[in-house]
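Every position in the sequence shown, counted from 1, becomes a number in the numbering used here once 258 is added. Worksheet: the structure to be examined is printed underneath.
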Amino acid sequence: MSCFLFATIGSLGDLHPYIAVARALIKRGHQAVIATVEDYRADVEGAGVEFSPMRPSMAEFGDFQSLATKLFNVYRGPEYLIRRLIMPQIRLAYEDLRHAAKGADLLISHPLTFALPLVAQKYGLPWVATILSPLSFMSCYDPPVFAGASWFRKLRALGPGPYKVLFAILKHVAARWESPLRDLRKELGLPVSKKMAIFEGQFSPLCNLALFDSLLAEPQPDWPAHVRVCGSLVYDGLAANAGTGNDLDNFLSAGEAPIVFALGSSAVWIAGDFWDKAIAAARQLKRRAILITGPVILENVPDGIRAFSYLPYSRVFLCSAAIVHQAGIGTLAQALRSGAPQLIVPVAFDQPDNARRAVARGLARTIPFKKVTTDLLASELRALLTHDDYIHAAQKVANDLVNKDGAVCAADELIACIRQKSATE
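See below:
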């Protein structure tokens, strides 16, 4: 039996993939531990996986709605995340991971767990990197769409050159964000690294697991070495509202398939009047709808529309006529498996790029979240629901993914890394 330590931080979309692969490893008789923020202890332990705390706790940053507003700022959000939330706590995270790594045979990092490679290097432990979305590769040959700068992709026709310049500028700007990490490396007696943690420094020399479906991105010449595209690791999480099951079944059986509106676990905090627009658009189309609203409690919802704070995506997406969502990579993975056409309303981070890749498959349309209006929602949904090409493309993708289990593939690769390491010792 081997022991695998996973480290992750972020939203539920950053937690659920690791629960999925941890459970796959446990089924094979291995030990799996997830080190993450204290806020997720119940989610991890409730899934039957061992939990190890890693600071900081999200509760330390106060009101989550205010925090989400700062994080989803298109221009300042990434800097706030790295410079204000993660780097000031890097020493605490290192100490927590150093403790959690005792007895571990293999360490597995998330793109934002910058302290984990330091633990691996300091104590001579093997580590594997994971990549949750194609944007993290920052490929000049398959350039991403950046939130707030989608116009830059028009330069793709000029080849990789403009993107090499852009990435060099981004690295220059972001270099100062990582000074606490460089200081920690020096204190630990580790050699200076020219690789930036938020760019090429996140990748492992041993193995890099891409935890997204291959239909979203194929390997490129400038991807790091030793990449394995495993596919999405789908996990619904704990059914927080157990009483919604009958309510959902009764609603679904009472009429035609509804349009489902969802914004994941983070963007839902900055929804604003999105739900009002969603209700108005559904009524304009004379369609039934389900709204998954998270912390928002909606009152006086019209007939034919139901609002739930939580529903398992794998259950409700399969019963939908169309899905409106923000294109978080976890939400997108569930939507791709539903066979339903999608209207994507990306907010920030990797979401605009994920949306672009889904649109390229012919199964989705997109509106930037800030440009959403009732009339735009209605017109775009009308196009999805009345043109069979979108439905056929969505069903084809769902059929292609039906027998692909990213969690099993990732577990196979991690076990192979253990065996490879043992064979060379």
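Even for Gly, the Cβ is constructed at its ideal location relative to N, Cα and C.
Inset, instruction - Locate the alpha helix (DSSP H) running through R640, then write down its first and last residues. - result: Working through the sequence shown from its first residue, we reach residue 640 at position 382. First-last of the alpha helix (DSSP H) with R640: 632-644.
Legend entry - DSSP state of A500 mapped onto helix, strand, coil: Indexing the sequence shown from 1 puts residue 500 at position 242. In this prediction, A500 has a pLDDT of 45, which is less than 50 and means its spatial position is unreliable; nothing more can be read from the coordinates.
Legend entry - Contact set for P346: own chain, Cβ-Cβ below 6 Å, skip 5 residues either direction: Sequence index remark: in the sequence shown, residue 346 carries index 88 (1-based). Same-chain partners within the cutoff: there are none.
Legend entry - Local conformation of A278 per DSSP, three classes: Position 20 of the sequence shown holds residue 278. Helix.
Inset, instruction - Any chance you could list the alpha helix (DSSP H) runs of at least 4 consecutive residues sitting entirely within the region 511-554, in chain order? - result: Taking 4 residues as the minimum length, the alpha helix (DSSP H) runs contained wholly in the region 511-554 are 532-543, in order along the chain.
Inset, instruction - Specify the secondary structure class of T388 as computed by DSSP and reduced to three states. - result: The residue given as residue 388 occupies position 130 in the sequence shown. Correct three-state label for T388: strand.
Inset, instruction - Determine contact between the region 348-359 and the region 370-385, defined as no fewer than three beta-carbon pairs at a distance below 8 Å. - result: Touching, yes, given that three or more Cβ pairs across the two stretches are closer than 8 Å.
Legend entry - Sequence-distant residues of its chain with Cβ nearer than 7 Å to Y399 (five each side left out): Within the sequence shown, residue 399 is the residue found at index 141, counting from 1. Once the five neighbours on either side are set aside, the close Cβ partners of Y399 are P418, Q478, P479, D480.
Inset, instruction - Use the C-beta contact count for G503: other C-beta atoms within 10 angstroms, 16 or more gives buried, fewer gives exposed. - result: As a first step, residue 503 is located in the sequence shown; it is residue number 245 there, counting from the start. Exposed, by the Cβ-count rule.
Inset, instruction - To the nearest angstrom, report how far apart E609 and V582 are at their CA atoms. - result: Mapped onto the sequence shown, residue 609 falls at position 351. Mapped onto the sequence shown, residue 582 falls at position 324. Per the sequence presented here, residue 609 reads as Gln, with Glu not at that position. Rounded to the nearest angstrom, the two C-alpha atoms are 13 Å apart.
Inset, instruction - May I have a chain-ordered list of the beta strand (DSSP E) segments no shorter than 3 residues that lie completely inside the region 307-342? - result: Counting whole runs of 3 or more residues, the region 307-342 contains the beta strand (DSSP E) stretches 308-311.
Inset, instruction - In angstroms with no decimal places, state the Cα-to-Cα distance between G271 and V377. - result: The count along the sequence shown starts at 1 and reaches residue 271 at position 13. The count along the sequence shown starts at 1 and reaches residue 377 at position 119. Distance from the CA atom of G271 to the CA atom of V377, rounded to whole angstroms, is 24 Å.
Inset, instruction - Would you decide whether Q323 is buried or exposed? Buried here means 16 or more other CB atoms lie within 10 Å of its CB. - result: Reading the sequence shown from its first residue, position 65 is the one you call residue 323. Result: exposed.
Legend entry - Beta-carbon proximity of P516 to I548, cut-off 8 Å: As a first step, residue 516 must be located in the sequence shown, where it is residue number 258. As a first step, residue 548 must be located in the sequence shown, where it is residue number 290. Going by C-beta atoms, P516 is nearer than 8 Å to I548.
Legend entry - Classification of P449 by the beta-carbon crowding that lies within 10 angstroms, buried from 16 upward: Stepping through the sequence shown from its first residue, residue 449 is reached at position 191. Around the C-beta of P449, fewer than 16 other C-beta atoms lie within 10 Å, and the residue is accordingly described as exposed.
Inset, instruction - Let me know if F262 comes out buried or exposed under the rule of 16 or more other beta-carbons within 10 Å of its beta-carbon. - result: Here residue 262 refers to the residue found at position 4 when the sequence shown is read from its first residue. With 16 or more Cβ atoms within 10 Å of its Cβ, F262 is classed as buried.
Inset, instruction - May I have the straight-line CA-CA distance separating L413 from E318, to the nearest angstrom? - result: Locating residue 413 in the sequence shown gives position 155, counting from the first residue. Locating residue 318 in the sequence shown gives position 60, counting from the first residue. Each residue's Cα considered, the two are about 42 Å apart.
Inset, instruction - Tell me whether R619 sits in a helix, a strand or coil according to DSSP, three-state version. - result: By 1-based counting over the sequence shown, the position of residue 619 is 361. In the three-state scheme derived from DSSP, where H, G and I count as helix and E and B as strand, R619 is classed as coil.
Inset, instruction - For A498, I'd like the list of residues in its chain whose CB is within less than 7 Å of its CB, leaving aside the five on either flank, ordered along the chain. - result: Residue numbering aside, residue 498 sits at position 240 when the sequence shown is read from its first letter. Caution applies to A498, whose pLDDT of 43 falls short of 50 and renders its modelled position unreliable; the value that the coordinates give is listed next. Spatial neighbours of A498 in its own chain (CB-CB distance under 7 Å, excluding positions within 5 residues in sequence) are listed in chain order as Y568.
Legend entry - Cβ-based neighbour list, A665, same chain, cut-off 6 Å, excluding 5 preceding and 5 following: On the sequence shown, position 407 is the one that residue 665 refers to. Excluding residues within five positions, the ones whose Cβ falls inside 6 Å are A278, V279, A282, L491.
Inset, instruction - Give the DSSP bridge partners of R564, in chain order. - result: Position 306 of the sequence shown, counted from the start, is the residue given in the question as residue 564. Among the bridge pairs identified by DSSP, R564 is matched with I548.
Inset, instruction - With H583 as the anchor, note down where its beta strand (DSSP E) starts and where it stops. - result: For the purposes of this step, residue 583 is identified with residue 325 of the sequence shown, where counting begins at 1. H583: member of the beta strand (DSSP E) spanning 580-583, first to last residue.
Legend entry - Identified DSSP bridge partners for L365: Here the question's residue 365 lines up with position 107 in the sequence shown. Bridge partners of L365: L263, W385.
Inset, instruction - Compute the Euclidean distance between the alpha carbons of E458 and P482, then round it to the nearest angstrom. - result: The sequence position of residue 458 within the sequence shown is 200, counting from 1. The sequence position of residue 482 within the sequence shown is 224, counting from 1. Put simply, the backbone Cα of E458 is about 8 Å away from that of P482.
Legend entry - Contact set for G501: own chain, Cβ-Cβ below 8 Å, skip 5 residues either direction: Translated into the one-based positions of the sequence shown, residue 501 becomes position 243. In this predicted model, G501 has a pLDDT of only 48, less than 50, meaning its place in the structure is not dependable; the value taken from the coordinates is given anyway. Here G501 has no same chain residue with a Cβ atom under 8 Å from its own Cβ, once five neighbours each way along the sequence are excluded.
Legend entry - Boundaries (first-last residue) of the beta strand (DSSP E) holding Q600: Sequence index remark: in the sequence shown, residue 600 carries index 342 (1-based). Looking at the DSSP string, the run of the beta strand (DSSP E) that includes Q600 is 600-602.
Legend entry - Top-ranked residue by Cα proximity to E514, from G495, I587, Y493, R545: By one-based count along the sequence shown, residue 514 stands at place 256. In this structure, R545 is the residue among G495, I587, Y493, R545 with its C-alpha nearest to the C-alpha of E514.
Inset, instruction - Have a look at the DSSP bridge pairing and note the partners of T624. - result: Along the sequence shown, one-based indexing puts residue 624 at 366. Residue pairing by DSSP places T624 opposite I602 in a beta bridge.
Inset, instruction - Quick one: grab the DSSP three-state call for N657. - result: Translated into the one-based positions of the sequence shown, residue 657 becomes position 399. Note: N657 maps to helix in three-state DSSP.
Inset, instruction - Rank K328, K628, A520, T632 by C-alpha distance to the C-alpha of G588 and give the top, closest one. - result: Looking up residue 588 in the sequence shown gives position 330. With distances taken between CA atoms, G588 lies nearest to A520 out of K328, K628, A520, T632.
Legend entry - S511 classed as buried or exposed, judged by whether at least 16 other C-beta atoms fall within 10 angstroms: Position 253 of the sequence shown, counting from 1, holds the residue named residue 511. Counting of Cβ neighbours within 10 angstroms places S511 among the exposed residues, the total staying below 16.
Inset, instruction - Tell me whether the beta-carbon of I389 lies closer than 8 Å to the beta-carbon of P369. - result: What you label residue 389 is simply residue 131 of the sequence shown in a count that begins at 1. What you label residue 369 is simply residue 111 of the sequence shown in a count that begins at 1. P369 sits close to I389, with the two beta carbons spaced by under 8 Å.
Inset, instruction - Can you grab the Cα-Cα spacing for the pair Q542 / D647, in whole Å? - result: Translated into positions along the sequence shown, residue 542 becomes position 284. Translated into positions along the sequence shown, residue 647 becomes position 389. Roughly 23 Å between the two C-alpha positions.
Legend entry - Run of the beta strand (DSSP E) containing T371, from where it starts to where it stops: Start at 1 with the first residue of the sequence shown, and residue 371 comes out as number 113. Careful: T371 lies outside any beta strand (DSSP E) and carries neither H nor E.
Legend entry - S596 and L576 closer than 8 Å at C-beta: Along the sequence shown, read from residue 1 onward, the residue named residue 596 stands at position 338. Along the sequence shown, read from residue 1 onward, the residue named residue 576 stands at position 318. Going by C-beta atoms, S596 is nearer than 8 Å to L576.
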